[in-house]
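For reference, the structure is listed below as C-alpha cells.
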Amino acid sequence: MDQTLLINAMKLRLEECSKHEEKIVSAREHLAQFMPLTAESYFTLDESMSIYVDLLVYRFSKLQDTLGEHIFILFLQLLQENAKKKAFIDILNRLEELDILSVTEWISLRELRNAIAHEYADDPNETVSAINTIYDKSNQLIDIYHRIEQYLKAKGLLAD
0 MDQTLLINAM KLRLEECSKH EEKIVSAREH LAQFMPLTAE SYFTLDESMS
50 IYVDLLVYRF SKLQDTLGEH IFILFLQLLQ ENAKKKAFID ILNRLEELDI
100 LSVTEWISLR ELRNAIAHEY ADDPNETVSA INTIYDKSNQ LIDIYHRIEQ
150 YLKAKGLLAD
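First residue of the sequence shown: 0, per numbering that gives the first Met the number 0; consecutive thereafter.
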C-alpha cells in the first residue's frame, strides 16, 4: 500500500478512536459520582446510568479492538516496517521499543476486556470489579491512542 493510502487509512481509524474516546470520557463523567461501584450500587443504578456503564464497557472494547486490529499495523507500516507478517507479540514489542505502550500494560488491558465479556452476566462481584477497573484504566487505553497520534505528527506523517 502506498504512503498516501496508508495515511488516509490511518486518519479514518484515528477518527474512529476519537469517537470512542469521546464516548468513554462522557460515560466516565456521568458515572463519576457512582464510582467505585459495589454489587449493591450496580444493581440500584437507574436505567440511564446503566446505559453509561454499557457505553463505557462497549467503547473500551471497541477502542482496544481498533487499536489492536488496525492502528498498530498501520502505524508500523507508516514507519516503513512490514507489520503484516509479524506475530502480534512482535508488534507489541516493537511498539514498546518506540515508547508507545508497555506490553504488560496492553496484555493486562486485553485480559480485562476479555474478562468483562465473560463475566458481565455471571458473577455480580466480578462484573463490578471489572467495570471499576475499566473505569480506572480506560485513560491508559486512550493514552496509547494519543501517543501513536503524537508520534506520527512528530514524524511529519500526520498534520496537526
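No residue lacks a Cβ here, since even glycine has one placed at the ideal position from N, Cα and C.
Computed from a prediction, not measured in an experiment: that's the story for all the values here.
Handout entry: alpha helix (DSSP H) segment containing K61, residue limits
Key = E46 to T65
Problem - Nearest-angstrom beta carbon gap, I106 and I143 [assumed within contact, 8 Å] - result: About 13 Å separates the two Cβ atoms, so there is no contact after all.
Practice task
Take N131 as the anchor and find which of E46, A114, G67 and E80 has the nearest alpha-carbon.
Solution key: Considering only alpha carbons, the answer is A114.
Handout entry: Within 8 Å, strictly: CB atoms of R93 and L73
Key = Their beta carbons are not under 8 Å apart, which means R93 does not touch L73 by this criterion.
Problem - Validate contact between the segment 11 to 20 and the segment 75 to 91 using beta carbons, cut 8 Å, 3 pairs - result: Using a C-beta cut-off of 8 Å, the segment 11 to 20 makes no contact with the segment 75 to 91, since fewer than three inter-stretch Cβ pairs fall below that distance.
Exercise for the section: Find out if the Cβ-Cβ distance for the pair I90, F59 is shorter than 8 Å. Expected result: Taking C-beta atoms as the reference points, I90 and F59 fail to come closer than 8 Å.
Problem - Cut-off 7 Å between Cβ atoms - residues of its own chain near L140, not counting five sequence neighbours on either side - result: Shown here for L140: same chain residues with a beta carbon closer than 7 Å to its own, the five before and five after excluded, namely F59, L62, Q63 and L108 in chain order.
Problem - As assigned by DSSP and simplified to three states, the class of Q2 - result: helix
Exercise for the section: Using alpha carbons as the reference points, say which of A116, A153, E68 and L156 lies closest to L55. Expected result: For L55, the nearest C-alpha among the options comes from A116.
Practice task
Would you mind sorting I88 into buried or exposed? The rule is 16 or more other CB atoms within 10 Å of its CB.
Solution key: Classification of I88: exposed, given that the 10 Å Cβ count is below 16.
Handout entry: Buried versus exposed, by CB contacts within 10 Å (16 or more), T126
Key = The C-beta of T126 has 16 or more other C-beta atoms within 10 Å across all chains shown, which makes the residue buried.
Exercise for the section: Locate the alpha helix (DSSP H) running through L151, then write down its first and last residues. Expected result: P123 to A153 is the span of the alpha helix (DSSP H), which, as asked, contains L151.
Exercise for the section: Determine the direct distance from the alpha carbon of T37 to that of I133, and round the result to whole angstroms. Expected result: 14 Å
Practice task
Starting from the N-terminal side, write out each stretch of the alpha helix (DSSP H) that is 4 residues or longer and does not extend beyond the segment 78 to 104.
Solution key: 87 to 96
Practice task
Sort K136, M9, D122 and L156 by Cα distance to F172 and report the nearest one.
Solution key: Nothing in the structure corresponds to residue 172, since the chain is present only between 0 and 159.
Practice task
Note the first and the last residue of the continuous alpha helix (DSSP H) segment covering F42.
Solution key: A38 to F42
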